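A quick write-up on the structure given underneath.
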Amino acid sequence: GTQFGLRVPIGVVPLLSLEPYVAFSYMGDASETFGGFEYTRSGFDGTAFGVNAMLGNPGLIPGFQFFPFVGIGTQTLTRSGSEDISDICYNFGLGLGIPLPLLGLSLSVRGELNVLATGDTSRKFANVNGGITYKLPWF
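135 is the number of the first residue of the sequence shown in our numbering; add one for each residue after it.
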């Protein structure tokens, strides 16, 4: 599916950044054939918001950067014909910041595992995200 959103990295100390975020996901439908019959299930639409803690300041200091991160937030999944799922989510992953020639811009790419706790079980999602970071002059 597709995911988009907004993340705002804020340098707290030289080696630590906090990143409040909001994200929207649109997971596509899935079709499978069982015993000669095709079955299609609608994908979830999701909304999440929370905060990540990152080692380093991606996009905020010069040079290539790897940045591990962990986060906590809340996520809601909705789908036609199913009860909504809304609970605490956890994520972790590794990103790469690549400076661009334009002043204050960098490209970031990250891999992430997102776990949505749902009582006695959980839903897990793997994401690969890319985006542009702009360094605000006063941060």
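C-beta: ideal position from N, C-alpha, C; glycine also. Just so it is clear, the structure is predicted and the values come from calculations on it, not from any experiment.
With a threshold of 16 other CB atoms inside 10 Å of the CB of residue i, please say whether the residue is buried or exposed.
| i | result |
| --- | --- |
| threonine 208 | exposed |
| leucine 237 | exposed |
| glycine 288 | Examination of residue 288 is not possible in this model, given that the chain is present from 135 through 273 alone. |
| threonine 267 | buried |
| glycine 245 | exposed |
| glycine 190 | buried |
| serine 216 | exposed |
| glycine 205 | buried |
| serine 256 | exposed |
Output the distance between the C-alpha atoms of residue i and residue j, rounded to the nearest integer angstrom.
| i | j | result |
| --- | --- | --- |
| glycine 269 | valine 147 | Contrary to the premise, residue 269 reads as lysine rather than glycine in this sequence. When rounded, the distance between both Cα atoms is 15 Å. |
| proline 202 | isoleucine 219 | 28 Å |
| alanine 251 | alanine 164 | 23 Å |
| serine 176 | proline 143 | 34 Å |
| methionine 161 | threonine 136 | 6 Å |
Kindly give me the distance between the Cβ atoms of residue i and residue j, rounded to whole angstroms, as I take these residues to be in contact under 8 Å.
| i | j | result |
| --- | --- | --- |
| threonine 212 | aspartate 254 | With 8 Å as the limit, threonine 212 and aspartate 254 do not qualify as a contact, their Cβ atoms being about 21 Å apart. |
| leucine 230 | phenylalanine 200 | 6 Å |
According to DSSP, which residues form a beta bridge with residue i?
| i | result |
| --- | --- |
| aspartate 221 | Gln209 |
| phenylalanine 138 | Phe158 |
| aspartate 179 | Tyr160 and Thr212 |
| valine 146 | According to DSSP, valine 146 bridges with nothing at all. |
| leucine 323 | In this structure the chain extends from 135 to 273, so residue 323 is not present and cannot be described. |
| lysine 258 | Val249 |
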